[in-house]
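In my numbering, the protein residues as written are 4 to 1082. Just below is one structure, and these are the notes that go with it.
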């Protein structure tokens, strides 16, 4: 006869049925367990046999013939067994028992060491073991909560049902039930009206147990399988007896359990739907917020309205810096999160068999990306800001230069109009007129020298207009006033020149007439005096002939020879030709004291008055052109313009230092021979101050002859002018030029001394010879006081310039330090970002370990990347210092802050997207039951055809990949139609590429084990008690409050023929959850 191993069934239930040795050992260790099992198993069998109208009294005796055993199996299974033997013989009994055992084994139960003979012979232990196996298979095995094993499922069910009750802690099927509260809690949870749980006490287990047993037997039709005394009196109640009794509670509440299972399914579906709806709402809100922020930001970035001041533009640059560092980075993260949420949502919808999410119009990911593209205006905006700052910096420099030059010119023109409009020539003598003419000529030279400054003022004003200077109206007005005044001065100068020349001609005419008068009047007057003398002379005559002879002799003086003179002073001339004079150039002297005159012919003068000289003081010369000197100190003149020379020897200078300039480039000569001049016109200067210059612009020469110098004021302008440089090399060049300029100061001081010496010599002559000076130098308005004052000003400005150059040098050194500091970091961060991007790309393509391993690796990578953020912030700080220092170039690096920012944002976005892709792959794998080996196979196939490592497959690449995996896609119309259908699934937006996530979804979509609308409908029908509608109260009773209200708010009223007031249509609601209709 066969012997069966008593193993309940394959699987985890091994723990429930110990081997026979264990069974015997248990019986030996605790005989009380056998007693508990006898009673429990007997009661359990009777609870089913009652349905067939029979029962057993003694478990080991009543199953010996096999008849009731076969009947028990038929009752609990609902199936018909083989026809039993009705004979009374042992063989008939063994046959019946074998039929029962064969049926049990047909249900997947492995019976260990149980044979029909032991049952027929009444072996109690074997009989109990067989009944326990039957209980396990038919009463416990089907109990499963959340895919747990039977025992664990029953235990989990008990724990969940009793969780809300105090003093109940179900951890096992023995001592956790000794106080009876667990049984009472199970009853109260399903039928609260049967037990007043609040009155039960943990310290009264007998009352609790008996209450539970009695109520269960009376109201739940659960036979009393245990005795309270046995449980309380045993240290560790029998686990099998407790499990058998508890399973009766589970099956008694099976209807409620079905409702709970249905409710759980509905809750799970609703939870997924609510989560998806929340993700949709979050997406819509995030997309709306992002689009609104972009809408507000783009006009700000496109605004190119310039500001009028550097301060305002610097504030704009600061605002832009805040935008790049504080406002935009969170939005970059939000945009990345938006894409991640969208991809995750679509994956979850696919996995839960829901239709794809379609955002509101204008809020697709592509719409947000397109709108985001408008932010590219920030690149042009920053460039515009920097250009505007450069422009304003240039404008400020030009405006200050304009004001300085205009102020100097206006100061020079002060009083000039009054001077030119003076009518002093109307009462002047000829000599005074000639002095006024000389003075006017000197002013005309000064006026011509100022022409350049006026032109510079106009040129600066024009440049300010071209650069859109905000105060152009004021500049133009001042420039116009300057030009108008300049034109007026020119007109007045011409008018005065004409008046002086006209007056000079008139006075010269008068003087000629005076001379003619003198020439004619003197002889005539002498004749008249002789005549008068003769007429008055006393005479004696005797006859008329004597009178006639004496008269004729006295009158006859017919020639000039009869006029006799005894001294030079008595020279009398009768004709104008005898007085031939040109200028006083012919007076040749070696010093002022050495006036040598040998004959009267050597003094040729233009008027009679100039002939009479008795002392050195009476020699008045208007020019000293032919004074020959050996050193520059011997030139004592009133103005430089009056030096007229005919040969190079007449200007004897020893070194170039006597012409004082600030740079070698301005006049490069080493000896006097290098200055070749033939006439005084070749050195044109307006005043003594104009010899001293500081920049090459102030000496404009086209030939050696044209050395034009302005005034000492130009030194002051260039010395106080703002230093505008951008590199340390430029400031070094300025410093070198300034040092060269300072080297010329000693010679300039000598020249100043020489000029002042001329004035001192004049004063000495005046004092020595007691000359009566009518006034100041008629040929210039410059006096020694002006020269000394301006020299002192130059001396004050030189150290200021020194300090400015020192400060600028220090600033440029600091700028260079900032450049190197930024470059050193940028040259490290830039390649680091690129390396990380490449590494992330490799991680996402290569297959190292499980998806969880890859996810862990990527998250560690993300953490390392985020930890690198302080270095980016530090670089941003250095960049801010560079911008504040107005540094616009950096030769030490090819990376700009914009490059770093864009790379950093792309790095963060890439790592976040890659992590999201792995998370979605895990979701897909878990939801669709894809093994790691399958996932690796899919990844290997995908990577093989992703030859450009872009992470996507083109249409042809995807087609080749599918064929390699066994898809039959023929090169015919049908094959193309099939492939088009597949492409519409994996590429619904018709982008033309297939991502790995879409590829995985497609490969696994047919294997999905997901909820369907029909399953949800069936679950609602259970809750509704098989009605075609459900009431709000039923939903609130069976579902958690939030999900119940969710359903009530969205379910349409039921309109069937069997409708009642308040009925809700759960069918249309179920189809709407899966996109088969609208909610």
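Where is the CB? At the ideal position from N, CA and C, for every residue including glycine.
Fill in: Beta-carbon proximity of residue 251 to residue 157, cut-off 9 Å
For the purposes of this step, residue 251 is identified with residue 248 of the chain shown, where counting begins at 1. For the purposes of this step, residue 157 is identified with residue 154 of the chain shown, where counting begins at 1. Against a cut-off of 9 Å, the Cβ pair of residue 157 and residue 251 comes out as no contact.
Item to complete: Starting from residue 71, trace the beta strand (DSSP E) both ways and give me its first and last residue.
Response: In the chain shown, the residue the question calls residue 71 occupies position 68. Counting along the chain, residue 71 falls outside any beta strand (DSSP E), though it belongs to the alpha helix (DSSP H) covering 70 to 80.
Practice prompt. Round the Cβ separation of residue 97 and residue 119 to the nearest angstrom and send it over; I've been treating them as touching at under 8 Å.
Written response: What you label residue 97 is simply residue 94 of the chain shown in a count that begins at 1. What you label residue 119 is simply residue 116 of the chain shown in a count that begins at 1. About 5 Å separates the two Cβ atoms, so the contact holds.
Worksheet item: How would you call residue 1001, buried or exposed, if buried means at least 16 neighbouring beta carbons within 10 angstroms?
Response: Within the chain shown, the letter at position 998 stands for residue 1001. Buried, since its Cβ has 16 or more Cβ neighbours within 10 Å.
Practice prompt. Please report the residue range of the beta strand (DSSP E) in which residue 117 lies.
Written response: Mapped onto the chain shown, residue 117 falls at position 114. Per DSSP, residue 117 is one residue of the beta strand (DSSP E) stretching across 113 to 118.
Worksheet item: Can you tell me the Cα-Cα spacing of residue 248 and residue 254, whole angstroms?
Response: Position 245 of the chain shown, counted from the start, is the residue given in the question as residue 248. Position 251 of the chain shown, counted from the start, is the residue given in the question as residue 254. Near 10 Å, if we compare the C-alpha coordinates of residue 254 and residue 248.
Worksheet item: Where do the ends of the alpha helix (DSSP H) carrying residue 858 lie?
Response: Residue numbering aside, residue 858 sits at position 855 when the chain shown is read from its first letter. 854 to 870 is the span of the alpha helix (DSSP H), which, as asked, contains residue 858.
Worksheet entry | Coarse secondary structure for residue 955, derived from DSSP in three states | For this step, residue 955 is matched to residue 952 along the chain shown. In this structure, DSSP gives residue 955 an extended state, which the three-state scheme calls strand.
Worksheet item: Based on Cα-Cα distance, which residue from 285, 467, 406 and 235 lies nearest to residue 341?
Response: The sequence position of residue 341 within the chain shown is 338, counting from 1. Here the closest residue by C-alpha is 285.
Practice prompt. Please report how far the alpha carbon of residue 903 lies from the alpha carbon of residue 832, in whole angstroms.
Written response: Stepping through the chain shown from its first residue, residue 903 is reached at position 900. Stepping through the chain shown from its first residue, residue 832 is reached at position 829. Approximately 8 Å, taken between the alpha carbons.
Item to complete: Please classify residue 45: is it buried, with 16 or more other beta-carbons within 10 angstroms of its beta-carbon, or exposed?
Response: In the chain shown, residue 45 corresponds to position 42, counting from 1. When all chains shown are included, residue 45 counts as buried.
Practice prompt. Quick one: measure Cβ to Cβ for residue 1078 and residue 268, integer angstroms, because I've assumed they're closer than 8 Å.
Written response: In the chain shown, residue 1078 corresponds to position 1075, counting from 1. In the chain shown, residue 268 corresponds to position 265, counting from 1. A Cβ-Cβ separation of about 18 Å leaves residue 1078 out of contact with residue 268 under the 8 Å criterion.
Worksheet item: Which value, in whole angstroms, describes the spacing of the CA atoms of residue 460 and residue 509?
Response: Walking along the chain shown from the start, residue 460 turns up at place 457. Walking along the chain shown from the start, residue 509 turns up at place 506. Each residue's alpha carbon lies about 41 Å from the other.
Discussion item. Would residue 456 and residue 412 be called neighbours here (beta carbons separated by less than 9 Å)?
Written reply: Your numbering for residue 456 matches position 453 in the chain shown. Your numbering for residue 412 matches position 409 in the chain shown. In contact: residue 456 and residue 412 (Cβ atoms closer than 9 Å).
Practice prompt. Please confirm if the stretch 1031 to 1050 is in contact with the stretch 236 to 243, defined as three or more CB-CB distances below 8 Å between the two stretches.
Written response: No: fewer than three Cβ pairs fall under 8 Å.
Item to complete: Decide if the stretch 796 to 808 is in contact with the stretch 911 to 924; the criterion is three or more beta carbon pairs, one per stretch, under 8 Å apart.
Response: no
Discussion item. Here's a check: name, in chain order, each residue in its chain whose Cβ is nearer than 8 Å to the Cβ of residue 359, leaving out the five neighbours to either side.
Written reply: Reading the chain shown from its first residue, position 356 is the one you call residue 359. Within the same chain, residue 359 has close Cβ partners 349, 352, 353 and 991.
Worksheet item: If you run the structure through DSSP and keep just helix, strand and coil, what is residue 1068?
Response: In the chain shown, residue 1068 corresponds to position 1065, counting from 1. If DSSP states are grouped into helix, strand and coil, residue 1068 belongs with the strands.
Fill in: Distance, residue 428 Cα to residue 507 Cα
In the chain shown, counting from the first residue as 1, residue 507 sits at position 504. In the chain shown, counting from the first residue as 1, residue 428 sits at position 425. The straight-line gap from Cα to Cα measures roughly 9 Å.
Worksheet item: Taking Cβ positions, are residue 107 and residue 70 nearer each other than 9 Å?
Response: On the chain shown, position 104 is the one that residue 107 refers to. On the chain shown, position 67 is the one that residue 70 refers to. Their beta carbons are not under 9 Å apart, which means residue 107 does not touch residue 70 by this criterion.
Item to complete: Go through its chain and collect everything with a Cβ distance to residue 898's Cβ below 6 Å, but skip five positions before and after it.
Response: In the chain shown, the residue the question calls residue 898 occupies position 895. Cβ neighbours of residue 898 beyond the five flanking positions: 829 and 833.
Discussion item. Does the contact criterion of 3 or more C-beta pairs under 8 Å hold for the stretch 175 to 184 versus the stretch 201 to 218?
Written reply: yes
Item to complete: Using DSSP bridges, identify the partner residues of residue 1055.
Response: Translated into the one-based positions of the chain shown, residue 1055 becomes position 1052. The partner list for residue 1055 (beta bridge, DSSP) reads 1068.
Worksheet item: Expressed to the nearest angstrom, what Euclidean distance is found between the alpha-carbon atoms of residue 797 and residue 894?
Response: Counted from its first residue, the chain shown places residue 797 at position 794. Counted from its first residue, the chain shown places residue 894 at position 891. Looking at the two C-alpha atoms, the distance is approximately 38 Å.
Worksheet item: Is residue 423 near the ligand SAH, judged by its Cβ being under 8 Å from some heavy atom?
Response: For the structure depicted, the ligand SAH is absent and the ligand set is empty, with no information on it obtainable.
Discussion item. For residue 964 and residue 945, I'd like the C-alpha separation in whole angstroms.
Written reply: Taking the chain shown and counting its residues from 1, one reaches residue 964 at position 961. Taking the chain shown and counting its residues from 1, one reaches residue 945 at position 942. The straight-line gap from Cα to Cα measures roughly 7 Å.
Worksheet entry | Reference residue 423; option with closest CA among 384, 375 and 489 | The sequence position of residue 423 within the chain shown is 420, counting from 1. Here the closest residue by C-alpha is 489.
Practice prompt. Determine the DSSP secondary structure at residue 1033, reduced to helix, strand or coil.
Written response: Numbered from 1 along the chain shown, position 1030 holds the residue referred to as residue 1033. Here residue 1033 sits in strand by DSSP.
Worksheet item: Is the beta carbon of residue 1006 sitting closer than 9 Å to the one on residue 961?
Response: For the purposes of this step, residue 1006 is taken as residue 1003 along the chain shown, with counting starting at 1. For the purposes of this step, residue 961 is taken as residue 958 along the chain shown, with counting starting at 1. Against a cut-off of 9 Å, the Cβ pair of residue 961 and residue 1006 comes out as no contact.
Worksheet item: Leaving out five residues before and five after residue 409 in sequence, what residues of the same chain have Cβ atoms less than 7 Å from its Cβ?
Response: Here residue 409 refers to the residue found at position 406 when the chain shown is read from its first residue. Around residue 409, the same chain offers 460, 481 and 485 as residues with beta carbons nearer than 7 Å, after the five sequence neighbours per side are excluded.
Item to complete: Using alpha carbons as the reference points, say which of 1034, 60 and 56 lies closest to residue 43.
Response: For the purposes of this step, residue 43 is identified with residue 40 of the chain shown, where counting begins at 1. The residue with the shortest Cα to Cα distance from residue 43 is 60.
Fill in: Boundaries of the alpha helix (DSSP H) in which residue 136 is found, first to last residue
Within the chain shown, the letter at position 133 stands for residue 136. Where residue 136 is concerned, the enclosing alpha helix (DSSP H) stretches over 127 to 138.
Worksheet item: Quick one, are the C-beta atoms of residue 344 and residue 289 less than 9 Å apart?
Response: The residue labelled residue 344 in the question sits at position 341 within the chain shown. The residue labelled residue 289 in the question sits at position 286 within the chain shown. Closer than 9 Å, so yes.
Worksheet entry | Complete alpha helix (DSSP H) runs within the stretch 214 to 261 (minimum length 4 residues, chain order) | Qualifying alpha helix (DSSP H) stretches, in chain order: 231 to 236 and 242 to 255.
Worksheet item: How is the beta strand (DSSP E) around residue 997 delimited, first residue to last?
Response: As a first step, residue 997 must be located in the chain shown, where it is residue number 994. Residue 997 -> beta strand (DSSP E) spans 996 to 998.
Discussion item. Helix, strand or coil, according to DSSP, for residue 1077 in the structure here?
Written reply: Your numbering for residue 1077 matches position 1074 in the chain shown. Coil, per DSSP.
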